[in-house]
Amino acid sequence: MKPTLLLFFILPAFYIHAQTSVHGKLLDKDTELPVIYANVTVIASDRTMLGAVSDEEGRFSIARVPPGNYTLTVNFMGYREVQKPLRVDGKNSNVGTIYLEEQVENLEEVVVKSSRPAVQYKVDRQIINAEAFPAANVAIDLMENVPSVSVDVEGNIKYRGDGTFRVFINGHPVANGVEKLRQIPSSQIERIEIITNPPAQYASEGTAGIIQVILKKNRMQGYAINANTYANSRGAVQGYFSIDKKSEKSGWYINTNGGHSVWSNFKLQQVQTVMEDGVPYRTRLNQRYSNGADRMYVEAGFNHDITDKDYIDMAVHINPFKMKNFRTIRGNVSAGPLTETGALQAAEIYRLRSSGFEKFHYIGGTLNYEHYFKTDKSHKISAYADVSYYLSPYEEQQKDRKLYTDSVSAVGYEGFENKELVLDSKINYTLPLSEKSSLETGMEIEVHQIPLLGNENGTFDAGGNLVPYSGQRTAQTVDFRRNIYSGYATFKSGIGLLEYQLGLRVENTYTKTDYSYHTPGGESFFVPGTDKFTQLFPTVHLLYNISEQTQLVGNYSRRIDRPGYWQLTPYRRYQSVTAYFEGNPDIRPSYINAYEVGFKQNWSNKNYLSIQLFHRAGTNVINNINTSDAGGLLLIKPHNVGTSKSTGIEIMGNYKPAEWWETNLSTSLFDYRLHIDFENEQQTRKQFNYEFKWNNTLSLPHGFILKYNMNYNSPVQEVQGTREGYLNSSASLQKAVADDRWTFTVGAYNLLGTAKYDYNTTGEGFSNNQTYNYDTFAFLKVAFKLDNQQ
29 MKPTLLLFFI LPAFYIHAQT SVHGKLLDKD TELPVIYANV TVIASDRTML
79 GAVSDEEGRF SIARVPPGNY TLTVNFMGYR EVQKPLRVDG KNSNVGTIYL
129 EEQVENLEEV VVKSSRPAVQ YKVDRQIINA EAFPAANVAI DLMENVPSVS
179 VDVEGNIKYR GDGTFRVFIN GHPVANGVEK LRQIPSSQIE RIEIITNPPA
229 QYASEGTAGI IQVILKKNRM QGYAINANTY ANSRGAVQGY FSIDKKSEKS
279 GWYINTNGGH SVWSNFKLQQ VQTVMEDGVP YRTRLNQRYS NGADRMYVEA
329 GFNHDITDKD YIDMAVHINP FKMKNFRTIR GNVSAGPLTE TGALQAAEIY
379 RLRSSGFEKF HYIGGTLNYE HYFKTDKSHK ISAYADVSYY LSPYEEQQKD
429 RKLYTDSVSA VGYEGFENKE LVLDSKINYT LPLSEKSSLE TGMEIEVHQI
479 PLLGNENGTF DAGGNLVPYS GQRTAQTVDF RRNIYSGYAT FKSGIGLLEY
529 QLGLRVENTY TKTDYSYHTP GGESFFVPGT DKFTQLFPTV HLLYNISEQT
579 QLVGNYSRRI DRPGYWQLTP YRRYQSVTAY FEGNPDIRPS YINAYEVGFK
629 QNWSNKNYLS IQLFHRAGTN VINNINTSDA GGLLLIKPHN VGTSKSTGIE
679 IMGNYKPAEW WETNLSTSLF DYRLHIDFEN EQQTRKQFNY EFKWNNTLSL
729 PHGFILKYNM NYNSPVQEVQ GTREGYLNSS ASLQKAVADD RWTFTVGAYN
779 LLGTAKYDYN TTGEGFSNNQ TYNYDTFAFL KVAFKLDNQQ
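Taking our numbering, I'd label the letters of the sequence shown as residues 29 to 818.
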């Protein structure tokens with residue numbers, strides 16, 4: 029599909045004359061962020077009532093309001109109710125912007141400041157309010173509190189079995205999403221939204237949907253200074269500082285964060301057995317694993333209201349020096365063939381001292397322009413661009429030092445990536461057709477290219493230089509490029525109490541993975557690799573407002589998971605003393621059709637209950653497959669292994685047993701089936717999953733706030749392996765002083781010491797049994813804020 033054909037999606041639609049309506053916009057008074065899904069009603073003297081729910085931008089519109097006198101009422105959990113008289117004279121009534129204030133109640137010695145629930149279930153998304161989890165340090169820490177979401181030791185995020193997410197920040201996709209979630213301080217985040225069936229204006233990447241990070245944004249006049257520091261018993265020390273200034277028409281900000289972070293510390297016991305020429309070869313490891321990062325990030329931005337109808341926002345971000353992700357392993361290893369009695373013979377015994385790193389150095393920027401055709405901002409066009417580029421080559425290394433009683437050797441690999449460029453550009457047009465109907469169209473171009481990436485395996489000499497293995501391919505490099513051209517259209521309207529949105533997105537994908545290498549004999553080979561395809565991705569969203577407090581919702585979307593470049597590169601890479609990893613240029617994208625039906629009931633005082641039924645059907649599911657290799661090692665390689673189905677129910681409730689205690693409980697129960705059709709194997713692996721998250725907030729005397737969170741991760745079933753379920757818990761105590769300018773938080777993770785599990789993998793000719801045991805750690809966070817905003 030040529031990009032010019034995408035113009036089809038931005039043709040103007042016909043205009044329908046507006047009917048009598050009441051419309052406006054809702055904002056949080058403190059943050060000036062939109063208040064979404066609030067209930068807005070107009071009540072006549074005879075108690076006749078009409079209403080609407082605010083949208084993602086805080087806008088609301090109540091159609092077909094007869095002339096007369098009314099009381100306009102706005103209700104939303106955690107905010108004071110707003111009531112104001114309203115006169116409708118037969119013309120459209122714009123009530124402007126209504127600011128909502130948070131509730132604050134005094135109960136003898138206990139001061140209760142109302143806040144949003146820790147986790148909320150909205151019409152089409154789950155919302156994690158960052159302020160409700162002071163124990164979280166960065167964005168990925170917040171993901172542990174999302175129903176059906178699990179985060180593994182490598183930071184990979186899975187949803188309802190095998191789904192993958194695409195990460196967005198403030199409505200726009202970002203590359204290296206997990207890396208971004210590890211970088212963004214939680215104090216910089218307003219909320220995180222989990223959108224499992226996104227509408228068509230969002231990129232279709234991610235079979236589980238999207239994770240959208242909404243950053244705090246100052247639109248109030250004046251200045252604001254925020255700073256915090258964080259330290260924990262694992263050795264992490266980090267800091268964040270920002271200054272934000274806003275005048276009537278312009279604003280600017282600078283923020284920076286950095287330091288030494290430790291993502292995980294755990295003990296790992298591993299027993300791997302691989303059959304080689306009919307003889308079992310066993311490797312036993314007892315090790316302590318740690319990984320984290322040393323980094324610094326600086327961002328500066330500027331925004332300006334060019335006119336009353338034109339707005340521009342731009343930002344530049346940079347790593348002042350190379351950022352470094354690190355991992356270290358300390359342990360003991362014994363390896364060798366087994367005798368008939370199960371004893372090691374000719375055993376290789378050594379102490380393992382392993383170190384690895386990835387170093388990278390980015391610069392990038394964003395530019396956003398919006399033009400409004402109407403003062404209510406419902407008719408608009410916007411353009412957006414985001415670009416990032418390597419300032420210096422990406423470096424990667426893994427070095428495993430083996431300390432024998434009489435000698436030392438070192439093995440591993442080195443990798444590199446040069447001139448990586450990531451670009452996302454988008455134009456979007458929204459046309460109101462009537463008070464209930466609108467058409468949104470647009471097109472998007474995503475470019476990701478790494479002209480040169482490569483890898484070498486070998487031994488390290490006394491000077492620390494890598495000496496490639498003899499008898500293997502050398503000078504292995506790949507030229508990677510992926511371009512995605514997209515066009516989309518969504519139509520939103522309503523009939524009575526039913527609101528609906530229909531969308532269609534078309535994406536044309538071009539992927540290149542040209543592979544070059546030298547044979548052991550010195551010959552040069554070039555293996556071209558290209559893949560082109562075009563796919564349609566329909567979406568349907570339905571909302572039925574039974575009453576102000578009761579809603580039914582149904583939605584559907586089709587989504588895709590394209591293999592990452594590291595999965596496609598065909599060269600073999602050393603991974604550890606027990607395994608190698610090899611990419612697979614033949615794997616195909618996986619697809620999923622996702623269906624959801626939900627019910628939500630709100631009550632007063634922030635109490636609510638939501639129930640969601642879901643079914644997900646995936647094809648071309650991508651899993652890593654282990655096979656036995658020479659030297660008692662395993663070879664890990666991604667493959668399309670078959671189809672999957674997840675069917676279940678998710679229940680979430682928020683309840684305030686007392687004014688000083690708020691509790692949020694969510695549970696997910698679903699049947700996961702993986703139908704394997706790979707090589708000569710055809711079978712179905714079944715797993716019933718049960719997970720829960722329980723979050724508690726207690727407002728104690730003298731302004732102390734206690735948070736206690738607990739989550740249980742269900743056992744996991746994969747193509748070749750199983751992981752046991754495990755329980756994790758955390759607690760924190762928070763106190764604000766000096767008119768809330770200073771906030772002190774202390775807490776701990778893995779309080780009960782239950783974050784531990786077995787992960788067992790078996791296949792033809794091998795078995796691999798691993799036991800993970802995570803450390804308990806404590807932390808301290810100190811935050812400061814100063815502003816004169818008004």
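A virtual CB, placed ideally from N, CA and C, is assigned to each residue, including glycine. It should be emphasised that the depicted structure is a prediction, and the values quoted were computed from it without experimental measurement.
Buried/exposed call for residue i, threshold 16 Cβ in 10 Å
i, result
"E368", "exposed"
"I334", "exposed"
"W291", "buried"
"P617", "buried"
"Q529", "buried"
"N816", "exposed"
"I574", "exposed"
"H730", "exposed"
"N134", "The predicted model places N134 with a pLDDT of 43, which falls under 50 and marks its position as unreliable; any figure quoted below should be read in that light. By the neighbour-count rule (16 or more Cβ atoms within 10 Å), N134 is not buried but exposed."
"K464", "buried"
"E137", "Only weak support exists for where E137 lies, its pLDDT of 40 falling under 50; the coordinates are left without a value."
"V495", "exposed"
"S674", "buried"
"I220", "buried"
"A658", "exposed"
"D74", "exposed"
"F330", "exposed"
Expected contact under 8 Å - CB spacing of residue i and residue j to nearest Å
i, j, result
"V581", "G626", "4 Å"
"Y819", "R600", "The structure shown has nothing for residue 819, since the chain only spans 29 to 818."
"L366", "L372", "6 Å"
"L54", "I126", "5 Å"
"V747", "I704", "6 Å"
"G263", "D589", "No, G263 and D589 are not in contact; Cβ-Cβ is about 35 Å, not under 8 Å."
"R501", "Y545", "4 Å"
Minimum C-alpha distance to residue i - residue among the options
i, options, result
"F807", "N737, G791 and A759", "A759"
"V436", "Y378, G524 and L449", "Y378"
"L532", "G492, E468 and T505", "E468"
"S383", "S420, E442 and S406", "E442"
"E719", "T725, G676 and P460", "G676"
"I391", "S406, H407, K350 and I478", "K350"
"P591", "F554, I523, D542 and R510", "R510"
"D338", "K673, S696, V649 and D404", "D404"
"A413", "Y397, K402 and Q426", "Y397"
"T597", "F561, G492, G681 and P479", "P479"
"G781", "N739, H643 and I64", "N739"
"N621", "N651, G237, A764 and F812", "G237"
"N652", "H667, L661 and L662", "H667"
"N635", "I212, S498 and Y683", "Y683"
"Q266", "P556, K809 and L814", "K809"
"Y432", "L449, Q477, N360 and I455", "N360"
"R751", "Y65, Y802, K784 and Q500", "K784"
Beta-ladder partner(s) of residue i, from DSSP
i, result
"Q373", "BP columns for Q373 are empty, so no partner."
"A259", "V265 and L808"
"Y802", "F294"
"H200", "I197"
"G592", "According to DSSP, which records beta bridges pairwise, G592 is partnered with nothing at all."
"N157", "R219"
"D305", "According to DSSP, D305 bridges with nothing at all."
"V166", "P213"
"Y441", "Q426 and N485"
"V625", "G582 and L641"
"W689", "A686 and L726"
"H546", "T502 and S552"
"T539", "R510 and D559"
CB contact below 8 Å: residue i versus chain B
i, result
"M351", "Considering every chain present, this structure includes no chain B. It has just one protein chain."
Those runs of the beta strand (DSSP E) which lie wholly inside the region 461–503 and span at least 3 residues | 466–488 and 494–496
Hey, which unbroken runs of the beta strand (DSSP E) at 3 residues or more fall wholly within the region 746–781?
-> 749–751, 754–765 and 770–777
Counting only runs of 3+ residues fully inside the region 205–254, write out the beta strand (DSSP E) ranges in chain order.
-> 217–223 and 237–243
Every unbroken beta strand (DSSP E) within the region 75–121, with a cutoff of 3 residues, ordered by chain | 77–81, 87–91, 96–103 and 110–116
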